[in-house]
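**Q** The first sequence lines up with residues 880 to 1157 when you count with the working numbering.
Each residue gets a CB set at the ideal place from its N, CA and C atoms; glycine is no exception.
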Amino acid sequence: MPELPEVETVMRGLAVRLEGRVLAATAAARADLRWPLPDLAPLVGRRVLGLARRAKYILIRFEGGLTLILHLGMSGRIVLSPPGANAAPPAHEHVVLRTEEGWRAGFVDPRRFGSIDLVATAAEASHPRLARLGPEPLGEGFTPEVLSRALAGRRTPIKAALLDQRTVAGLGNIYVCEALFRAGISPRRSAHTVAGARAARLVPAIRATLEEAIAAGGSSLRDWRQANGELGYFQHAWKVYGRAGEPCERCPGRPGCGGITVFPQGGRSSFSCPRTQR
DNA sequence: ACTGTTACCTGATTGC
DNA sequence: TGCAATCAGGTAACAG
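(1) Buried or exposed for A1029, please, with buried defined as at least 16 other CB atoms from any protein chain shown within 10 angstroms of its CB.
(2) F1021: buried (16+ other C-beta within 10 angstroms of its C-beta) or exposed?
(3) In terms of alpha-carbon separation, which member of E1090, E1109, D1043 lies closest to P884?
(4) Let me check understanding here. Comparing Cα to Cα, which of Q1156, D918, W1117, A1095 lies closest to V998?
(5) In three-state DSSP terms, what is G1032?
(6) Would F986 pass as a contact of H1006 if the rule is Cβ separation under 7 Å?
(7) Compare the Cα-Cα distances from P969 to each of W1117, R956, N1052 and report the closest residue.
(8) DSSP on Y936, reduced to helix/strand/coil?
(9) Could you tell me whether the region 885-893 touches the region 1090-1099, using the rule of 3 or more Cβ pairs below 8 Å?
(10) Decide if P1066 is buried, meaning its Cβ has at least 16 other Cβ atoms within 10 Å, or exposed.
(11) Taking C-beta to C-beta, are L951 and G993 nearer than 7 Å?
(12) With C-beta atoms as the reference, is A1084 less than 7 Å away from A1058?
(13) Near A1106, which residues of its chain fall below 7 Å by C-beta distance, leaving aside the five closest residues on each side in sequence?
(14) Between D988 and the rest of its own chain, which residues show a CB-CB distance below 8 Å, the 5 nearest in sequence each way excluded?
(15) Measuring CB atoms only, is the region 1041-1061 touching the region 1110-1125, in the sense that at least three cross pairs come out at less than 8 Å?
(16) Hey, out of G1075, Y1054, A904, whose CA is closest to S1151's CA?
(17) If you draw a straight line from the C-alpha of G1124 to the C-alpha of R1157, how long is it?
(18) Out of curiosity, what's the CA-to-CA distance linking T1035 and S1149?
(19) G1049 to E1015, Cα distance in whole Å?
(20) When the Cα atoms are used, what is the spatial distance from A1087 to L1042?
(21) Among residues of its own chain, excluding the 5 on either side of P1023, which ones have a beta-carbon nearer than 6 Å to its beta-carbon?
(22) For my contact list, L982 and R1104 are in at a C-beta cut-off of 8 Å; report their separation, rounded to the angstrom.
(23) Please report the residue range of the alpha helix (DSSP H) in which A1078 lies.
(24) In the DSSP assignment, the beta strand (DSSP E) including E972 goes from what residue to what residue?
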């Protein structure tokens, strides 16, 4: 569920409570999420050096060269509670990290599509899930030339190509729809035709969409929250996602514009304005 | 190698 | 109201 802006928001919220702190305890309520859970005992007594994000993964780096890798899947979230809080743990809380100060970070994931792994920091980038990821969309390595090259020869729709984490890392269904609207490119357009001027529009459209979403604390679908419990509010800024049938803001009252349409692509819903997205 | 489909899992919403 | 069908922010394992 969470895409790059939500993961970035959660990572930052978690960093506030974990960075520089020593873990006093870890607990796992089951043996697996999407994959078997690692033994978390080696983390007890270690200090958190820092947190980072790669694509939709949160990396928690510990003293002594260990990195905990978290993926929130579709329904994952992090619930922080302060020292002394006595509330019952939320349903579907599968893993808990507790600091020496008594802060508690719970990994809550009803659908259990999320994952947790523990690796040597030195081997982090070669982890099977991270090794084949494409460039970070907010990094300097993501340019129109790089994108065009990644799309060259691909006959799949641009929508599917952007959801493929090897093309560019961190986009999901919402932000692909939003970025394509912003760039004026149809989700159905064949990926290899996004080159030249179109690629030059799409790269900044992706960046701006993600940057604005991060600034808003991500999008809160249903009751999704930041690690600190606050709601993100970027969902109010969606231009097409979830707006089927509404007039597109680019063509208000125009004859021939039937408003925003929704159609399935690869089993997911694509939202677009057929008049302004070609 | 590339492309599209299926499966994994629970919960909220929709439609009868 | 009740119940079944459908959908949901992801990704890996398949089949062709």
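**A** Checking against the coordinates, here is how it stands:
(1) buried
(2) buried
(3) E1090
(4) D918
(5) coil
(6) no
(7) R956
(8) strand
(9) yes
(10) buried
(11) yes
(12) yes
(13) V889, G892, L893, I957, L959
(14) L912, L951, G952, S954, G955, R956, H971, H973
(15) yes
(16) Y1054
(17) 18 Å
(18) 14 Å
(19) 7 Å
(20) 17 Å
(21) A1078, A1079, V1082
(22) Residue identity differs from the one stated: residue 982 is Trp in this sequence, not Leu. Contact flag wrong, Cβ pair sits at about 17 Å.
(23) 1075-1094
(24) 972-978
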